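Counting the sequence shown from 1 gives a position; the numbering used here is that position plus 828. See structure below.
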Amino acid sequence: MQRVITLTVQNSSGVLNRVTGMLAKRGFNIESITVGASETLGISKMTIVVDIANDKSSEQLTKQLHKQIDILKVDDITDSKIVSRELALIKVGANNTSRGEIQSIIEPFRARVLDVSRNSLIIEVTGKPDKVDALIELLTPYGLKDLSRTGVTAFRRGQQKGIQELKSFSV
829 MQRVITLTVQ NSSGVLNRVT GMLAKRGFNI ESITVGASET LGISKMTIVV DIANDKSSEQ
889 LTKQLHKQID ILKVDDITDS KIVSRELALI KVGANNTSRG EIQSIIEPFR ARVLDVSRNS
949 LIIEVTGKPD KVDALIELLT PYGLKDLSRT GVTAFRRGQQ KGIQELKSFS V
């Protein structure tokens, strides 16, 4: 079962390495990980999507992450109402006749063409991972030449129950 865990960390050297090392050491498979600056100088946010066998392992992982140096807050947001997005760049084979077809495929996904060459298009799509997967599947018959995905970034929607319980994990 996939869990979405967000971390608030100090932006210092080695934090990402310590987090991924701890996950690998305990046998957790990272499906995706994103890291970026937050609204506070010197503080970064991580979103980790990890494959976890059961709820007990999830609780153990959260506790282990909380013990790590430079981690200020750990939040398993899997069961919450969340906003999550992923960006993908897709290079697909295209010629004069297929460009129109590809444009009609990507339009409902609100994807856009970033680059046009004689025999390919580069397409940008942003959305939930299942939306990105669906577009990739539809474009595959045209010949995927290259694909790059950012991984999921996410946080809770508005105020929700359970936030007080999570504050006990804050430093």
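Using N, Cα and C, we set each Cβ at its ideal position, and we do this for glycine too. Please read all numbers here as calculations on a predicted model, not as lab measurements.
DSSP three-state assignment for V847, whether helix, strand or coil: helix
Sequence ranges, alpha helix (DSSP H) only - wholly within the segment 920-959, length at least 4: 926-934
Nearest to S926 by CA position, among V843, K873, N947, is which residue? N947
By Cβ distance, which residues of its chain are closer than 7 Å to V920, with the 5 residues on each side in sequence left out? I930, S948, L949, I951, L967, Y970, G971, L972, K973
Jot down the residue ranges of each uninterrupted alpha helix (DSSP H) in the segment 854-916, minimum 4 residues, whole runs only, in chain order. 883-895
State the start and end residues of the unbroken beta strand (DSSP E) segment that holds S976. 972-977
Confirm, please, whether the CB-CB distance from I880 to L893 is below 8 Å. no
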